[in-house]
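Colleague: Pasting in a structure now, in structure tokens, and then I'll have a few things to ask.
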Amino acid sequence: MDSTDIAPSSPSAAGLSTLRFRDRRGHPHSFNKKKKPSISSAPKSTHDCRRRDRGGDTFSSTPPRPPASFSDLPFDVLARVAAPFDVPNLWAASMVCRAWRESLRPLREAMILLRWGKRFRHGHGGVRPNPQRALEYFLKGAALGSAPAMVDAGVMYGEMGEKEKAMALYEKAAEVGHPVGQSNLGTCYLEADLPEKAVTWFRQAAESGYARAQYNLALCLHRGRGVECNLQDASGNMIKALVYFELAKRAGETAASNMRDLILQSLSQTSRDCAMLSVDKWRPLQFHH
1 MDSTDIAPSS
11 PSAAGLSTLR
21 FRDRRGHPHS
31 FNKKKKPSIS
41 SAPKSTHDCR
51 RRDRGGDTFS
61 STPPRPPASF
71 SDLPFDVLAR
81 VAAPFDVPNL
91 WAASMVCRAW
101 RESLRPLREA
111 MILLRWGKRF
121 RHGHGGVRPN
131 PQRALEYFLK
141 GAALGSAPAM
151 VDAGVMYGEM
161 GEKEKAMALY
171 EKAAEVGHPV
181 GQSNLGTCYL
191 EADLPEKAVT
201 WFRQAAESGY
211 ARAQYNLALC
221 LHRGRGVECN
231 LQDASGNMIK
241 ALVYFELAKR
251 AGETAASNMR
261 DLILQSLSQT
271 SRDCAMLSVD
281 KWRPLQFHH
């Protein structure tokens, strides 16, 4: 399409306006067109951009809208996205801009509480083990939105036998995408004899690259728990189980080795090759915490 410079002249008494334009070679042309009453000649904005092509023709265009600022991201969305971050990722996000740095302040404070909680739990950093104080620090960090603190508090509740409180904390961590929280929640559902829900959370954590979830998901696939177990699906589940056992093994889950070898012996060479090709192509959907 030719670039044109359209300039309306003053309207005639008959209500017609003459429009003049230049074609690609610069030759002037003119024609009359009945002027629409709803359109008026408006002064050109001082912000209009003028460009000229090779033939000397010019046209007007409005400047593009500037990109939105990082500070436009709502705080609740930012807090949810950053809730599962570890210290390096949280620090990197805090350096993006001033708005993010201020918005992520509670999560940075939660990381300090989390660090102290781990010291009191394990007796590190010159302090004696104190489970009660450790739990207090974890709960304070969880209240500030930290998913890792939620997981550690849940683990301690589990050790104390308060499974409902542990499960509630795992659920909060799982909902914001923390793979350990997702895997632990899956374990809770498995213990409650709800294998379908367990597999759902194991799968999400496994796709994030969490080795323990990959192992637990592989076990469910191998045993037919929480998955379709008819004859046709069982062959596919064995291949999937081999994929996740192999992924877990490569990620350092030593318990996966024996099950991996057992399934390898039961599958054909074609199925084994297919599974290993899937493993080689596999990439986690999100970073591993």
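Residue numbers (full-length UniProt numbering): 1 to 289. Ideal Cβ placement from N, Cα and C applies to all residues, glycine included.
Would you decide whether His222 is buried or exposed? Buried here means 16 or more other CB atoms lie within 10 Å of its CB.
Modeller: Buried is the call here.
Colleague: Let me know the secondary structure DSSP gives Leu78 once reduced to three states.
Modeller: Of the three classes helix, strand and coil, the one that applies to Leu78 here is helix, per DSSP.
Colleague: Does the distance from the C-beta atom of Ala166 to that of Gly154 stay below 8 Å?
Modeller: Yes, these two residues count as a Cβ contact at 8 Å.
Colleague: Which two residues bound the contiguous alpha helix (DSSP H) that contains Pro131?
Modeller: Note, Pro131: alpha helix (DSSP H), 131–143.
Colleague: Put Arg128 into one of helix, strand or coil per three-state DSSP.
Modeller: Note: Arg128 maps to coil in three-state DSSP.
Colleague: Whose C-alpha, out of Arg105, Val96, Ala149, is nearest the C-alpha of Arg121?
Modeller: When each option's Cα is compared against that of Arg121, the closest is Ala149.
Colleague: Say whether the region 104–114 touches the region 127–135, bearing in mind that this needs 3 or more beta-carbon pairs closer than 8 Å, one atom from each stretch.
Modeller: Output reads no: the region 127–135 does not touch the region 104–114.
Colleague: Would you mind working out which of Tyr215, Gln269, Leu264 sits nearest Gly186, comparing C-alpha positions?
Modeller: Nearest C-alpha to Gly186: Tyr215.
Colleague: Under 7 Å Cβ to Cβ from Leu139, same chain only, skipping five residues before and after it: list those, please.
Modeller: Cβ neighbours of Leu139 beyond the five flanking positions: Ala153.
Colleague: Could you check where the alpha helix (DSSP H) with Val151 kicks off and where it finishes?
Modeller: Element bounds for Val151: 147–159.
Colleague: Under the assumption that Ala213 contacts Ala206 (Cβ atoms under 8 Å), give the Cβ distance between them as a whole number of angstroms.
Modeller: Right, the Cβ-Cβ distance comes to about 4 Å (below 8 Å), so this counts as a contact.
Colleague: What would DSSP say about His222, mapped onto helix, strand or coil?
Modeller: Three-state DSSP puts His222 in a helix.
Colleague: Reducing DSSP to helix, strand and coil, say where Glu109 ends up.
Modeller: Helix.
Colleague: Please classify Gln96: does DSSP put it in a helix, a strand, or coil?
Modeller: Correcting the residue identity first, residue 96 is Val in this sequence and not Gln. It is coil, neither helix nor strand.
Colleague: Nearest CA to the CA of Lys240: which residue from Val279, Phe85, Gly117?
Modeller: It is Val279 whose Cα lies nearest to the Cα of Lys240.
Colleague: Among the candidates Phe202, Glu253, Gly125, whose CA atom is the shortest distance from the CA of Ala174?
Modeller: For the residues Phe202, Glu253, Gly125, the minimum Cα distance to Ala174 belongs to Phe202.
Colleague: For residue 353, which residues from the same chain have a beta carbon less than 8 Å from its beta carbon, with the 5 sequence-adjacent residues on both sides left out?
Modeller: Because the chain here runs from 1 to 289, residue 353 falls outside it and cannot be looked at.
Colleague: Do the CB positions of Ala82 and Ala93 come within less than 8 Å of each other?
Modeller: The answer is yes: Cβ separation under 8 Å.
Colleague: Which word fits Trp116, buried or exposed, when buried means at least 16 other C-beta atoms lie within 10 angstroms of its C-beta?
Modeller: The residue is buried, with at least 16 neighbouring Cβ atoms inside 10 Å.
Colleague: Under the rule that 16 or more other beta-carbon atoms within 10 Å means buried, what is Gly141, buried or exposed?
Modeller: So Gly141 counts as buried.
Colleague: Run through DSSP, which three-state label would Val227 get?
Modeller: Looking at Val227 - three-state DSSP - the assignment turns out to be coil, as it is neither helix nor strand.
Colleague: Identify the continuous alpha helix (DSSP H) that holds Leu190 and give its terminal residues.
Modeller: Looking at the DSSP string, the run of the alpha helix (DSSP H) that includes Leu190 is 179–191.
Colleague: What residue range is occupied by the uninterrupted alpha helix (DSSP H) comprising Trp201?
Modeller: Element bounds for Trp201: 195–207.
Colleague: Around the C-beta of Ser40, are 16 or more other C-beta atoms found within 10 angstroms, so that it is buried, or is it exposed?
Modeller: With a pLDDT of only 46 at Ser40, under 50, the local geometry of the prediction cannot be trusted, and the value read off the model is given with reservation. Under this definition Ser40 is an exposed residue.
Colleague: With burial defined as no fewer than 16 other Cβ atoms inside 10 Å of the residue's Cβ, what is the status of residue 290: buried or exposed?
Modeller: Coverage of the chain is limited to positions 1 through 289, which leaves residue 290 absent and any answer about it impossible.
Colleague: If I measure Cβ to Cβ from Glu109 and keep anything under 7 Å in the same chain, skipping five residues before and after, which residues do I get?
Modeller: So the list reads Leu144, once near-sequence residues are dropped.
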